[in-house]
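These notes are about the structure you will find just below.
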Amino acid sequence: MLDEIRLLYLLDLFGVSVFAISGALAAGRKSLDLLGVVIIAVVTAIGGGTTRDLLLDRHPIFWIADPTYLSVIIVSALATIWYTRHKAPPEKALLLADALGLAVFTITGAQITQEVISNGVIIVIMAAITGTVGGLIRDVLSNDIPMIMRRDIYATAALAGATVYLLLQFTGLSSVTNIIIGMGVVIGLRLAAIQWELHLPRFRLEE
Amino acid sequence: MLDEIRLLYLLDLFGVSVFAISGALAAGRKSLDLLGVVIIAVVTAIGGGTTRDLLLDRHPIFWIADPTYLSVIIVSALATIWYTRHKAPPEKALLLADALGLAVFTITGAQITQEVISNGVIIVIMAAITGTVGGLIRDVLSNDIPMIMRRDIYATAALAGATVYLLLQFTGLSSVTNIIIGMGVVIGLRLAAIQWELHLPRFRLEE
Amino acid sequence: MLDEIRLLYLLDLFGVSVFAISGALAAGRKSLDLLGVVIIAVVTAIGGGTTRDLLLDRHPIFWIADPTYLSVIIVSALATIWYTRHKAPPEKALLLADALGLAVFTITGAQITQEVISNGVIIVIMAAITGTVGGLIRDVLSNDIPMIMRRDIYATAALAGATVYLLLQFTGLSSVTNIIIGMGVVIGLRLAAIQWELHLPRFRLEE
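Read top to bottom, the protein sequences are chains R, X and A.
Numbering-wise, the first sequence is residues 124 to 330 according to the working numbering.
Numbering-wise, the second sequence is residues 124 to 330 according to the working numbering.
Numbering-wise, the third sequence is residues 124 to 330 according to the working numbering.
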C-alpha cells in the first residue's frame, strides 16, 4: 500500500512537471514575459486537480497541502525557457510526455475521487476533469479554442482509461496492476490517435 | 410542500435538458467532435448551478449528489446531434425553451440560496448566476464574447424575475403561485425582448 | 489593532471601487449594454478575492458576508458610465488608482491568507491571486489575451510587494508600517514600470 501511494505521488509530480512544460511552450508561442510563462505553466499543471478538489470540497487543495508541487512546476517552467533558448523543443518526446501526464492525472484523479464518492460515472468524470481542465484553462488564457475540443481522442482517452481502471477493480488484480493498465489505456489511445490521426466523428451544423 | 419540491425538480431537469440542447447547437456551429459537443452541453447545463453551489459552499454539488442530471444532459445532447443530422433545429421553439430554462434556473437558484442566505441582494445575484453562468462558460469555451453581455434583456430578465419572486413572498400568495409568477416575469421579459428587439442602452466609450 | 483592521477595510472598499471603474471602462470599449458593464465591473472587483476565498475554503465568501462591497461596486460602475458620457476618462489618474487597487488587494490578500496558512510561498501566491485574478477574468470575458500576461511588471509587482510585506514581519516594525511599505513596493514598481516602460524579458518560441 505504501508503495502504491509512493508510486502515485512520484507519478503525480512527473505529471505536473510535464504539464508545466507544455504550458510554458504554449506561453512561448504567445510571446509572453517570463512571469506570464510561469503563470501559464502553473495553471496548466494544477488547473485540473484544483477544479477536482473544489468540486469535491476537498481541502486543503493539493498544492496548498503540499507546496512541493509548486516547486516542481516552477523549476520545470524555468528549465523549459532555458532549454528552448538554444534548442528546438523535442516535439515527439513532448507528445509522449503529455500522454503520460494525462494518464497519470486521470488515474490519480479517479483514485482521489473514489475516496469520497462511490458513483462510477462521477468518478470517471472527475478523473477526466483532473486530466484535462489544466490544458483547457491554458487554452482559454491563451485565447485559443480549447484543444480538448479540437484535439482528437484526448478527453476520450481519459474517460476510457478511467472506466477501464474502475472496471478492473471488480477483478482480483492488484491495485498496482490496475493503475498500470488504466494508464496504459490512456497512453495507448493517445499515441494511436496521434499515429493514425484517429478522431471521433465531427458534428457540424449548417448555419 | 412535496408537490412544490417535485414540481421544481421536474422543472430543473427540464432546464438542464434545454440548456444541454442549446450547448450542443453552439458546439455544432464550431464543428467540434462528438465528445466536445457533449462536454459543451454538460458545461452549459451545469455551469450556473455549480458556480452557485461553490460560492455558497453547498456540498455535494447538485449533480454529484444526484447524477440523474448528467444522464438527462447526455441524452439531450446526443438526441440533438441525431435530430440535426436530418432536420434544421426549430429556432423558434428553442428560443422559447431557452427562456423557460432561464426562468427555471433563476427561480430554483433563488430558492436554494434562500435556504442558506437571507440577504435579498445576494439571493437575486445567486439566482441570476444560476440562470446565466452556464451560457457564459459555453461562450468563453467557444471563444465568443459572452452572449450574456450582448444579448439584450437576458441577465436583466433573470434579475427582474428573481426580485419579483422574492417580493411576492411578503404577500399571502402560495409558494407555487410565487414560482409561477416569478418564472412568468423571466419568460415574458425574454420573449418581449426577442419580439420587439428591446434592449438596455449601450455604453460605448470613444477610444 | 482596531485601527489596522479599519484601515484595511477602508482600503479594501477603495480597491473594489477602483477595480469596478477599470472594469466598467474595459466594458465600455467593447460597447456592452448597461447591465453587461455592471457585470464586468463586479467580476473585475470581486474575482480575485472570490478565487482566494474558494481556494482557501473561506466561507462565506467576502462579498456574501458583507454586501457593502457590492453596493460600492455598483455605484462605482454607474458613476463611471455617467461620468464618461461627458468627459474622457482621466487615464493618468486611473493608472495610479489601479496601482493603488493592486497594492491594496495584494496586501489584504496576504493578511487574510496568513490567518489560515503559514507557508510563505502559498501566502505570496494567494496575495498575487487576490490582486490580479479579477482583471484576468475581465480580460477573458472581454475576449482579450489577459493583460496580466502582457502588461509588464503587474503580477511581478504583486509578488514583490507581498514578499516584502512578509519579510518585514521578522523585523520589529509595527504592522501598519509593514502594510504601508508593502503597498509602497507594489505601487512603486507599477509606476516605475509605466514611467520607464520596464518589463521582464519576453520568452518567444520560434515556430
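Cβ coordinates follow ideal geometry from the N, Cα and C atoms, glycine included.
Computed from a predicted structure; not experimentally measured.
| query | result |
| --- | --- |
| Per DSSP, the bridge partner or partners of aspartate 156 of chain R | A:Arg325 |
| Simplified DSSP state of alanine 315 of chain R, which is helix, strand or coil | helix |
| CB of isoleucine 230 of chain A within 8 Å of CB of threonine 236 of chain A, strictly | no |
| Straight-line gap, serine 241 of chain X to threonine 253 of chain R (C-alpha atoms, nearest Å) | 35 Å |
| Beta-carbon neighbours of threonine 279 of chain X, restricted to chain A and to distances below 7 Å | Leu158 |
| is_contact[serine 154 of chain A, chain X] using C-beta, thresh 8 Å | yes |
| Residue-chain proximity (valine 166 of chain R, chain X), Cβ-Cβ < 8 Å | no |
| Test item: CB-CB of threonine 174 of chain R and leucine 158 of chain X under 8 Å | no |
| Near the ligand ADP: serine 265 of chain R beta-carbon under 7 Å from a heavy atom | Of the ligands one can find in the structure shown there are none, so the ligand ADP has no counterpart to examine. |
| 8 Å Cβ cutoff met for alanine 220 of chain X and valine 161 of chain X | no |
| DSSP state of arginine 181 of chain R mapped onto helix, strand, coil | coil |
| Candidates R:Met249, R:Leu193, R:Lys215, R:Leu296: closest to leucine 179 of chain R by CA position | R:Met249 |
| Where aspartate 189 of chain A sits in the DSSP three-state scheme | coil |
| Where lysine 215 of chain X falls: helix, strand or coil (DSSP) | helix |
| When A:Ile163, A:Gly232, A:Ile196 are compared against phenylalanine 137 of chain A, the one with the closest alpha-carbon | A:Ile196 |
| Cβ-based neighbour list, threonine 255 of chain R, same chain, cut-off 7 Å, excluding 5 preceding and 5 following | Gly171, Ile271, Tyr277, Ala278, Ala281 |
| Short CB-CB distance (under 8 Å) between proline 324 of chain A and chain X | no |
| CB of alanine 149 of chain X within 8 Å of CB of arginine 261 of chain X, strictly | yes |
| Neighbouring residues, chain R, relative to histidine 182 of chain X (Cβ below 7 Å) | Asp180 |
| Member of X:Ile169, X:Lys210, X:Arg208, X:Ala226 whose CA lies at the smallest distance from the CA of glycine 305 of chain X | X:Ala226 |
| Pairwise C-alpha distance: leucine 130 of chain A and isoleucine 163 of chain X | 45 Å |
| Cβ-based burial, lysine 153 of chain A [other Cβ within 10 Å; buried from 16] | buried |
| Proximal residues of chain A, C-beta to C-beta of isoleucine 230 of chain R below 7 Å | Per Cβ cutoff of 7 Å: no residues; isoleucine 230 of chain R is ~24 Å from chain A at best. |
| Rounded straight-line distance, which links the Cα of alanine 147 of chain X to that of glutamate 214 of chain X | 14 Å |
| Host alpha helix (DSSP H) of arginine 261 of chain X (start-end) | 243 to 264 |
| Cutoff 7 Å; reference valine 287 of chain A; Cβ partners in own chain excluding five residues on either side | Ile304, Gly305, Val308 |
| Under 8 Å between C-beta atoms of arginine 181 of chain R and valine 239 of chain R | yes |
| Rounded separation between alanine 283 of chain X and tryptophan 186 of chain R - CA only | 41 Å |
| Closest by C-alpha distance to proline 190 of chain A, when choosing among A:Val165, A:Tyr206, A:Asn301 | A:Val165 |
| Below-8 Å beta-carbon distance, valine 244 of chain A vs any chain R residue | yes |
| Where threonine 187 of chain A meets chain R, residues with beta-carbon distance less than 8 Å | Note that residue 187 of chain A is isoleucine in the sequence shown, not threonine. Correct list: empty, because the minimum Cβ distance to chain R is about 16 Å. |
| Inter-residue spacing [alpha-carbon to alpha-carbon] between serine 298 of chain X and tyrosine 192 of chain X | 24 Å |
| Residues within the segment 214 to 240 of chain X neighbouring chain A, beta-carbon criterion of under 8 Å | Ile240 |
| Extent of the continuous alpha helix (DSSP H) run through leucine 296 of chain R | From DSSP, leucine 296 of chain R is part of no alpha helix (DSSP H); its letter is neither H nor E. |
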